[in-house]
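Visitor: Have a look at the structure that comes next, please.
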Amino acid sequence: MKSRKSRQSAKFVGANYKIGQDKIYLLKVGKIKIVWSRPLANKPTSVTIIRDSANRYFANFVVKTCAEYLPKSDKSIGIDLGISTFATFSNGEKINAPKPLTKNLKKLGKFQRKLLTDN
C-alpha cells in the first residue's frame, strides 16, 4: 500500500493471485472473501486491490476481451452543440443543457434551512 494520504492500492500480476468461486487468494495476504458484481468475461491478467477513505476494499480486474463492432449503416446525423440547448440533432431532437448550478443552489438552500433549525 502507498501513503495514507492518497487512495491505497496494491497490484497483483501473474501467479501472485488465484481466483475461486467466492474467495480470492493473494500472495502474502491470504484468502479474502469476495462479492462479485458481475461475472468475468475471461481470465484476468492482473488484480488491483484498492482501499478508499471509508475503509472499504475493492478489487479491479484487468480482462482482455475481443472488440464487438456494430453493423455498418448508411444513416448519418448532424449534431449542433450550443449554449441554450446542449445539443440539437438534424432530426429535430434537442437535449437541454445540464443545470448543475441551479441544482446545487437548491441543495445549498435546503442545507442552510436545516442548519438554521438545528441551532
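Counting in this note's numbering, the sequence shown runs from 66 upward without gaps.
All C-beta atoms in this analysis are idealised placements derived from N, C-alpha and C, irrespective of residue type, glycine included.
Drop a sphere of 10 angstroms on the beta-carbon of residue 134, count the other beta-carbons inside from all chains shown, and report buried for 16 or more, exposed for fewer.
Guide: Exposed.
Visitor: Could you spell out where the alpha helix (DSSP H) holding residue 178 opens and where it closes?
Guide: Its alpha helix (DSSP H) spans residues 165 to 183.
Visitor: Using a Cβ-Cβ cut-off of 8 angstroms (strictly less than) and excluding sequence neighbours within five positions of residue 187, which residues of its own chain qualify?
Guide: There is no way to answer for residue 187, as the model of the chain reaches only from 66 to 184.
Visitor: Taking the alpha carbon of residue 103 as the reference point, which residue from 115, 117, 125 has its own alpha carbon closest?
Guide: Comparing Cα-Cα distances from residue 103 to each of 115, 117, 125, the minimum goes to 125.
Visitor: Indicate the three-state DSSP secondary structure (helix, strand or coil) for residue 79 in the structure shown.
Guide: Residue state, collapsed to three classes: helix.
Visitor: Suppose the cutoff is 6 angstroms on Cβ atoms and the five residues either side in sequence are ignored; what does the same chain contact list for residue 145 look like?
Guide: Here the set comprises 153.
Visitor: Would a C-beta distance cut-off of 8 angstroms place residue 114 and residue 74 closer than the cut-off?
Guide: Cβ atoms of residue 114 and residue 74: closer than 8 angstroms.
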